[in-house]
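Visitor: One structure is given below, represented as structure tokens, and several questions about it will come after.
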Amino acid sequence: MRHIWAAGLALALLASTATAPQAASPPNMLVIGTDLSAVPSLDPAAINARTVSEVVSNLYDNLVQIAPNDMQTIRPMLAESWTVSPDKRTITFTMRKGAVFASGNPITAEDAAWSIRRVIKMAQVGSTDVALWGYTPENVDKFIRATDERTLVVELPEPVATDLVIYSLAGSSLGIIDSKVALKNEKNGDLARDWLKGNAAPSGPFSLIQWRPNDILITESRANYWAGAPAMKRVIMRHVPESGSLRLQLMAGDIDVAQYVGAGDLEALAKEKVVIDQVPGFGFYYIALNTKDPDLAKPLVRRAFQHVLDWKALAQTSMRFAGYPWQSIIPKGMVGAPANPLPGYEYDPALAKKLLAEAGYPNGLKKKLFPSGPALLQNTEALQASAKLAGIELELVPGEHTPDFRARNFEVLMGNSGARLPDPFGTAVQYAYNPDNRDAAKLGAYYLWRVAQEAPELTKMVDQSKAETDPAKRKALFEDMDKRYREMDPGLIVLFQRTDPYVIRANVKGYFGHQTWSTRWASVTKE
Amino acid sequence: MSASAPVLQRPPSGARAALLRQLADGWHAYRQHVMGMVGLALVVLLLVVALFAPWIAPFDPNVQDLQQRLLPPSALYWFGTDHLGRDVFSRVVFGARTTVEIVLLVTIIVAPVGLVIGTTAGYAGGLVDEVLMRITDIFLAFPGLVLALGFAAALGPGLTNATIAIALTAWPPIARLARAETLSLRKADFIAAVRLQGATPSRIVLRHILPLCIPSVIVRVTLNMAGVILTAAGLGFLGLGAQPPLSEWGAMVSSGRQFMIDSPWVVAAPGLAIAAITLAFNLAGDALRDVLDPRGDR
Amino acid sequence: MSAASRPSQAPADEAGAEDHSERLAVLGRVAGRILSIVLTLLGLLLLTFTMGRLLPADPVLAITGAEVNKATYDRVYQELGLDRPVWEQFLTYLGKVLRGDLGVSATTGHSVLTDLAHVFPATLELAMVAVVTGVLIGVPLGIVAAVNRGKPIDHVARIIGLAGHSVPIFWLGLMALLLFYAKLHWVDASGRLSVFYEGMMEPVTGLLLLDTAMARDWDMFRDVVSHIALPGLLLGYYSVAYISRMTRSFVLEQLNQEYVVAARAKGLSTFQIVWRHVFKNIRVQLLTIVALTLGGLLDGAVLIETVFGWPGLGQYLTRGLTMNDMNVVMGAVLLTGTLFVTINLITDRLYKVLDARTR
Chain L
1 MRHIWAAGLA
11 LALLASTATA
21 PQAASPPNML
31 VIGTDLSAVP
41 SLDPAAINAR
51 TVSEVVSNLY
61 DNLVQIAPND
71 MQTIRPMLAE
81 SWTVSPDKRT
91 ITFTMRKGAV
101 FASGNPITAE
111 DAAWSIRRVI
121 KMAQVGSTDV
131 ALWGYTPENV
141 DKFIRATDER
151 TLVVELPEPV
161 ATDLVIYSLA
171 GSSLGIIDSK
181 VALKNEKNGD
191 LARDWLKGNA
201 APSGPFSLIQ
211 WRPNDILITE
221 SRANYWAGAP
231 AMKRVIMRHV
241 PESGSLRLQL
251 MAGDIDVAQY
261 VGAGDLEALA
271 KEKVVIDQVP
281 GFGFYYIALN
291 TKDPDLAKPL
301 VRRAFQHVLD
311 WKALAQTSMR
321 FAGYPWQSII
331 PKGMVGAPAN
341 PLPGYEYDPA
351 LAKKLLAEAG
361 YPNGLKKKLF
371 PSGPALLQNT
381 EALQASAKLA
391 GIELELVPGE
401 HTPDFRARNF
411 EVLMGNSGAR
421 LPDPFGTAVQ
431 YAYNPDNRDA
441 AKLGAYYLWR
451 VAQEAPELTK
461 MVDQSKAETD
471 PAKRKALFED
481 MDKRYREMDP
491 GLIVLFQRTD
501 PYVIRANVKG
511 YFGHQTWSTR
521 WASVTKE
Chain G
1 MSASAPVLQR
11 PPSGARAALL
21 RQLADGWHAY
31 RQHVMGMVGL
41 ALVVLLLVVA
51 LFAPWIAPFD
61 PNVQDLQQRL
71 LPPSALYWFG
81 TDHLGRDVFS
91 RVVFGARTTV
101 EIVLLVTIIV
111 APVGLVIGTT
121 AGYAGGLVDE
131 VLMRITDIFL
141 AFPGLVLALG
151 FAAALGPGLT
161 NATIAIALTA
171 WPPIARLARA
181 ETLSLRKADF
191 IAAVRLQGAT
201 PSRIVLRHIL
211 PLCIPSVIVR
221 VTLNMAGVIL
231 TAAGLGFLGL
241 GAQPPLSEWG
251 AMVSSGRQFM
261 IDSPWVVAAP
271 GLAIAAITLA
281 FNLAGDALRD
291 VLDPRGDR
Chain U
1 MSAASRPSQA
11 PADEAGAEDH
21 SERLAVLGRV
31 AGRILSIVLT
41 LLGLLLLTFT
51 MGRLLPADPV
61 LAITGAEVNK
71 ATYDRVYQEL
81 GLDRPVWEQF
91 LTYLGKVLRG
101 DLGVSATTGH
111 SVLTDLAHVF
121 PATLELAMVA
131 VVTGVLIGVP
141 LGIVAAVNRG
151 KPIDHVARII
161 GLAGHSVPIF
171 WLGLMALLLF
181 YAKLHWVDAS
191 GRLSVFYEGM
201 MEPVTGLLLL
211 DTAMARDWDM
221 FRDVVSHIAL
231 PGLLLGYYSV
241 AYISRMTRSF
251 VLEQLNQEYV
261 VAARAKGLST
271 FQIVWRHVFK
281 NIRVQLLTIV
291 ALTLGGLLDG
301 AVLIETVFGW
311 PGLGQYLTRG
321 LTMNDMNVVM
331 GAVLLTGTLF
341 VTINLITDRL
351 YKVLDARTR
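Protein chains in written order, with the numbering used here: chain L, 1 to 527; chain G, 1 to 298; chain U, 1 to 359.
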């Protein structure tokens, strides 16, 4: 007993004298406060979410890259150069000379071929984009191959605009893995799937030191990186789920970059000496209506839903940093984006009520409302209140509902989307593409399938846009697509284009939030 | 709350008059207890507020006005407004209603369940007792909030389900108490007399034993109420309690914490409300225990 | 709190073991006791299993991830035995748990057992600091209250204790963060360690206070203290009400004993009496209370960990719940239950052993 007393007393004394020690992270260390929950894997082939894309983009280099300030230009990375055959069916990459993996192994065309094939063969979320070009686990060995140490040949199984293909190769899931190291850790022919979940075989500027899910990720710069060791010796990502705590730590200098800061804290931080980088993303905030529901199957009901959210008020408050009003499925600045992005989903409860009455619901409607996740809760609360004025009673069920959305197991849902292809095709395929509307098809990657809406015309147009290379024709095609989309009273009512706010301390330079989430840390310096 | 709540001492013949006299004595003793009276007053206040919420609250607790969000306390908005421009005072007032609903519902579920299981186990003895008490032990083998969390998540969202989840964690102590009471009553003369008259066991339990256990069970439930309120608030805080837009204090703290640094009133008001009412139940319970505890120091 | 409401779980010793079969009876009692523990644990498993089956999560998707084709889905469905009767599924679950297989977390990608091994030390450390705090405040408070029974100081002590048990700990945590971290900068917040210390030391025990002290890295030790101080003290305060009340009643009981009267007659002061005699007599009871508190703190830890971003068992469980991560929920709940049962069991035994020795 006496020992406990003594120990406790010592502790209490210490606690009372302990003051916050050396605030501010060291000058050669970058600390990113973020949300590390729901990162089950660091395997490029198994990821597509935002935070983990950033991690993977710094562990693995791609063949090519897209600079954060210029989404249209493709730049070399591990491939020094590339050529496209006259028939536009073959792209030949020449690999960079002298680049090595963290292990010291040279980076060869064989590694690149193995990494790309692996993504297709594993057929997980990472393959969503490249699989669209017609690659299958069966044919990929034939179409993608290394002809020598430095030459990688990428053949297209079907006609696709080669720009799209090259864009997709810049995505974080297509990072080049050290195949020798990975294969050493392969178990029962799993393509090192198990090992790469929590380990890395990096070609990128950083190597993985420590990874504890929901807690912390530590990387260290590589001295033998082909472009030279980055200025930051260490980059640490810290899981900070509480937005307020994130803000305080940022202000104290414990954290250099903060992601997923809540709306309220962003408003306050906007008044401080920090940079809020609002990076426009290729995705939208939407209201999803499941057309399998007999009420929501009626176009007039869906049209009523276009007028039940006071999005102008949201744009000033919870959405002030999270997006801007946008009612088209073609993102801003992209080919085919509308000149007027707000074609008339005005907030008008009276009109909504009238539409509902026309649809046969003079006494209103009762539906369940899901937020896709906790971050969307505030928006759903606003929708619940404003929809009530239109006679729509929404029972709000908080929680994580993305799986329900994917499984078509919902009535009304609010969520946001993102895409990693810097091309309108990337969003069009999510919002206007549904090749097989049966439940059994399980096409959860396509949002239009999730709301169970058939659109054969649009689907055909999306397929067309994939192969079309003529800029003028593409523009006309996307414009037409956007128009037709709106006319069908879509089950996905697009209201905002997303922006991802990154809060950066003033002394941190060179940290640019990337529109396709491939934010790279090699350029970061601290003053 | 306490390691062992005292079993009410009472004459073996459960005469109603004796019981009433005992209650009157108890009340007399209770009234001497200053802290207990403070607690009781607060509990009564809670009930009044809950009952007359629509008349007390100056605004509709669910009406949003995004132009009027996060306003500090003023003559118009006594406790300020929240992030959706709702009046915090009105929401706290209606939150009292939610709290009372939870408390009542838990009592309605827990008391009968605990009574039936406890008295049955106590009277039947043997295997029945063994099985029922084993089940009770298993439920006791979890910290209350953890068990409630699990069940709340399993049963799905909503206040009713959350309340059921809490009730699932709150009945075992009641059952144990009822069993102990029953064991002491089982051998009593009047029970033997009833048995000789040919009453069936179920009749004996339901008509003669169970009613006598009620007072001590009620006391015990009251003693546990503070815990129930805290657990409910904890569930609400973790997002497993009431569904929006219903005002619930724990959920109000939870949704307000994002704005806490700049607008502390959003969190302060509901937090203080929980603290006050829990303290009130704790004080009342403490006083009750003092009054009833034969080894008491008063 | 619920730990507190639990009466001691000693088996009802039916008196009258007959002489000639006393050894047999002892054996029987031991067997009965073991059986009863086994049954309790079995019930625990049944309860977690039910909880897991009720959770609105698809156990197949928990393994395969959301992107899954029909063939894989059906294969895993079969592998998991979900097409077989429920009791068979329970037996499978039982077998797996006995082999230490708690499944894989859908959100971390690790086996739940590995995850638990990571998060548990964090919670343990927090709970230890809390218990020490609870004892340091609660015991003196209880003694003071008992000695001054009925006087204003008794009431004040009671209010101090009860307040700790009444103020919602998640709220108190938020308010404390606001004051001591945001405004006063006295402590650090979020997590167990400042980021720049992360990865600097290989965990030995997983208890950072111990690890840093053993490595004599006092800068880091201070950093750990600065992180644990606030959540630890708050959680400790939460237990003060119970500890102080029990202490008070133990001391009161002792003060009525004859030896106290005798000691008083000898001219010893109340303080001396309490320190030399009473304390010695109640320490076994106190130890029991402290152990029970440790179990009850798991409740508070769930909430305080969420507020302070403490990477412990509580946060692991709540995240599992919000993410519908079935295996995580089942694993965390099972561990909590088992801990609880174990603590109660040890307390019970300890009490008997120590009590017998003091008598």
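Ideal Cβ placement from N, Cα and C applies to all residues, glycine included.
#1: Cβ closer than 9 Å: which chain U residues qualify as neighbours of residue 55(L)?
#2: With 16 as the cutoff for other CB atoms within 10 Å, does residue 276(U) come out buried or exposed?
#3: Considering residue 239(L), what are the terminal residues of the beta strand (DSSP E) in which it resides?
#4: Take residue 103(L) as the anchor and find which of 167(L), 117(L) and 181(L) has the nearest alpha-carbon.
#5: Got a sec: is the Cβ-Cβ distance from residue 346(U) to anything in chain L below 8 Å?
#6: Taking the C-alpha atoms as reference points, what is the distance between residue 62(G) and residue 378(L)?
#7: Looking at the strands, I want to know which residues DSSP matches up with residue 211(L).
#8: Could you have a look at residue 416(L) and say whether DSSP puts it in helix, strand or coil?
#9: Flag this pair as yes or no: are the beta carbons of residue 504(L) and residue 100(L) separated by less than 8 Å?
#10: Around the C-beta of residue 492(L), are 16 or more other C-beta atoms found within 10 angstroms, so that it is buried, or is it exposed?
#11: In its own chain, which residues sit with a C-beta less than 7 Å from the C-beta of residue 21(L), not counting the 5 before and 5 after it?
#12: At a CB-CB cut-off below 8 Å, which residues of chain L make contact with residue 319(U)?
#13: In this structure, how does DSSP classify residue 146(L) when only helix, strand and coil are distinguished?
#14: What residues from chain G crowd round residue 170(U), counting only those whose CB sits closer than 9 Å?
#15: Compile a chain-ordered list of the residues in the region 222 to 254 of chain L whose CB is closer than 7 Å to at least one CB of chain U.
#16: Below 8 Å on the Cβ atoms is my guess for residue 149(G) versus residue 240(G); work out the distance and round it to an integer in Å.
#17: Of all the residues that make up the region 193 to 212 of chain L, which are near chain U by a beta-carbon distance shorter than 8 Å?
#18: Is it right to say residue 472(L) is buried, meaning 16 or more other beta carbons lie within 10 angstroms of its own, or is it exposed?
#19: With 8 Å as the threshold, decide whether the Cβ of residue 399(L) is near any Cβ in chain U.
#20: Under 8 Å, Cβ to Cβ, is there at least one residue of chain L near residue 194(U)?
#21: Secondary structure at residue 110(L), three-state DSSP: helix, strand or coil?
#22: If you follow the alpha helix (DSSP H) that residue 171(G) is in, where does it begin and where does it stop?
#23: Looking at chain U, is there any beta carbon in it that lies within less than 8 Å of the beta carbon of residue 35(G)?
#24: My guess is that residue 300(L) and residue 386(L) are in contact by the Cβ rule of under 8 Å, so how many angstroms apart are they, rounded?
#25: Run through DSSP, which three-state label would residue 410(L) get?
#26: If we count the other Cβ atoms within 10 Å of its Cβ and call it buried at 16 or more, is residue 220(U) buried or exposed?
#27: In chain L, which residues lie less than 8 Å from residue 323(U) when you measure between Cβ atoms?
#28: Are the C-beta atoms of residue 21(L) and some chain U residue less than 8 Å apart?
#29: Taking the alpha-carbon positions, what's the residue 261(U) to residue 156(U) distance?
#30: Quick check: the Cα distance between residue 88(G) and residue 227(U), rounded to an integer number of angstroms?
#31: Can you give me the Cβ contacts of residue 74(L) inside the same chain, cut-off strictly under 8 Å, excluding the 5 residues immediately before and after it?
#32: In chain order, which alpha helix (DSSP H) runs of at least 4 residues are fully inside the region 418 to 501 of chain L?
#33: Would you report the Cα separation of residue 353(U) and residue 131(U), rounded to the nearest angstrom?
#34: With DSSP run on the structure shown, which of helix, strand or coil describes residue 63(G)?
#35: Among the residues of its own chain, which have a CB less than 8 Å from the CB of residue 40(U), if the five just before and after it don't count?
#36: Assuming the contact rule is C-beta atoms closer than 8 Å, residue 238(U) and residue 164(U) should be a hit. Round their C-beta distance to whole Å, please.
Guide: The short version:
#1: Chain U residues near residue 55(L): none, gap ~13 Å exceeds 9 Å.
#2: exposed
#3: 234 to 239
#4: 181(L)
#5: no
#6: Rounded to the nearest angstrom, the two C-alpha atoms are 14 Å apart.
#7: 217(L)
#8: strand
#9: For residue 504(L) and residue 100(L), no; Cβs fall outside 8 Å.
#10: buried
#11: Low confidence applies to residue 21(L): its pLDDT is 43, below 50, so where it sits in the model is not reliable, and the reading given next is rough at best. No residues qualify anywhere along the chain.
#12: 37 and 214
#13: strand
#14: 233, 234, 237, 238, 250, 253, 254, 257 and 271
#15: Those residues of the region 222 to 254 of chain L that come within reach of chain U (Cβ to Cβ, closer than 7 Å) are 236, 238, 240, 241, 242, 245, 248, 249 and 254.
#16: Residue 149(G) to residue 240(G), Cβ: 6 Å. Contact.
#17: 197, 198, 209, 210 and 212
#18: exposed
#19: yes
#20: yes
#21: helix
#22: Boundaries of the alpha helix (DSSP H) harbouring residue 171(G): 159 to 186, taken from the DSSP string.
#23: yes
#24: About 19 Å; that fails the 8 Å criterion.
#25: coil
#26: buried
#27: Residues of chain L passing the Cβ test: 37, 38 and 400.
#28: Confidence is the limiting factor: at residue 21(L) the pLDDT is only 43, short of 50, which leaves the residue's position unreliable, though a coordinate-based value still follows. For residue 21(L), the answer is yes, since a Cβ of chain U falls inside 8 Å of its Cβ.
#29: 27 Å
#30: Cα to Cα, the separation comes out at about 33 Å.
#31: 64, 65, 66, 163, 166, 167 and 170
#32: 424 to 431, 447 to 450, 456 to 467 and 471 to 487
#33: Note on geometry: alpha-carbon atoms of residue 353(U) and residue 131(U) lie some 22 Å from one another.
#34: coil
#35: Within its own chain, the residues whose Cβ lies closer than 8 Å to the Cβ of residue 40(U), once the five positions on either side in sequence are excluded, are 341, listed in chain order.
#36: The pair is a contact, with the Cβ atoms about 6 Å apart (cut-off 8 Å).
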